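Okay, so the sequence shown: first residue is 15 according to our numbering, each after it adds one.
Shown next, in structure tokens, is the structure this report addresses.
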Amino acid sequence: MNTDTISDFLTRLRNAMSAHHEVCEVPSSRLKFDIAKILEREGYVGKVTERHEGAKKILSVALKFEDREPAIRSIKRVSKPGLRVYRGASELPRVLSDIGIAIVSTSAGVMTNKEARRRKLGGEVICEIY
Numbered sequence: 015m016n017t018d019t020i021s022d023f024l025t026r027l028r029n030a031m032s033a034h035h036e037v038c039e040v041p042s043s044r045l046k047f048d049i050a051k052i053l054e055r056e057g058y059v060g061k062v063t064e065r066h067e068g069a070k071k072i073l074s075v076a077l078k079f080e081d082r083e084p085a086i087r088s089i090k091r092v093s094k095p096g097l098r099v100y101r102g103a104s105e106l107p108r109v110l111s112d113i114g115i116a117i118v119s120t121s122a123g124v125m126t127n128k129e130a131r132r133r134k135l136g137g138e139v140i141c142e143i144y
């Protein structure tokens with residue numbers, strides 16, 4: 015039993031990319047689906063789909079590569095179960111001078127650090143990607 019499902023999701027993505035898999039499949043949850051949709055919208059992964067296998071939902075993420083190099087160079091978990099990291103709108107991280115993104119869970123939903131800063135929202139910094 016895994017207690018940190020988000021870390022597990024990010025690790026599975028990282029491992030699938032380093033092994034040059036075309037698709038990464040993980041057990042689905044609403045937060046994982048929202049994170050995957052943000053990655054799709056920002057161009058880090060291909061199509062994101064969710065399917066049912068009996069009572070369980072499976073999240074399929076098509077991975078993107080550029081000349082055999084993964085589109086995601088680094089993906090790092092920031093807020094962990096043992097140490098939650100919350101930031102105000104003005105304190106949100108700038109990943110690689112705003113080349114990369116941070117995914118933030120706010121009161122208005124899950125969004126990128128750029129969108130949260132634009133909407134003047136703070137929240138829990140889930141992960142950083144570039």
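In this text, a Cβ means the ideal position worked out from N, Cα and C, and glycines have one as well.
Every value quoted in this text rests on a predicted model; they were computed, and no experiment measured them.
Taking A122 as the reference, which of K134, D112, I113, A116 has the closest Cα? Taking the sequence shown and counting its residues from 1, one reaches residue 122 at position 108. It is K134.
So is G96 buried or exposed if we call it buried at 16+ other beta carbons inside 10 Å? Within the sequence shown, the letter at position 82 stands for residue 96. With fewer than 16 other Cβ atoms within 10 Å, it is exposed.
Under 8 Å by Cβ, that's how I've got M31 and I86 pegged, so tell me the actual separation to the nearest angstrom. Here residue 31 corresponds to residue number 17 of the sequence shown, with the count starting at 1. Here residue 86 corresponds to residue number 72 of the sequence shown, with the count starting at 1. About 6 Å separates the two Cβ atoms, so the contact holds.
Residues near T126 by beta carbon distance below 8 Å, same chain, minus five either side: In the sequence shown, the residue the question calls residue 126 occupies position 112. These residues qualify, in order along the chain: I52, E56, I115, A116, I117, V118.
With a cut-off of 8 Å on the beta carbons, I'd call D18 and K94 a contact; round off their distance for me. Start at 1 with the first residue of the sequence shown, and residue 18 comes out as number 4. Start at 1 with the first residue of the sequence shown, and residue 94 comes out as number 80. The pair is a contact, with the Cβ atoms about 7 Å apart (cut-off 8 Å).
Neighbourhood of L24 by C-beta, 7 Å cutoff - its chain only, sequence neighbours within 5 removed: Here residue 24 refers to the residue found at position 10 when the sequence shown is read from its first residue. Cβ neighbours of L24 within its own chain (closer than 7 Å, five residues either side excluded): I89, R91, C141.
Please identify the residue among A76, V109, I143, R131 whose C-alpha is closest to the C-alpha of M38. As a working note, residue 38 is residue 24 in the sequence shown. In the sequence as displayed, the identity of residue 38 is Cys instead of Met. The option with the nearest alpha carbon to C38 is A76.
Between L106 and A69, is the Cβ-Cβ spacing less than 7 Å? Translated into positions along the sequence shown, residue 106 becomes position 92. Translated into positions along the sequence shown, residue 69 becomes position 55. Their beta carbons are not under 7 Å apart, which means L106 does not touch A69 by this criterion.
Own chain partners of R82 with C-beta closer than 8 Å, once the 5 adjacent residues on each side are dropped: Sequence index remark: in the sequence shown, residue 82 carries index 68 (1-based). Only H34 meet the Cβ criterion.
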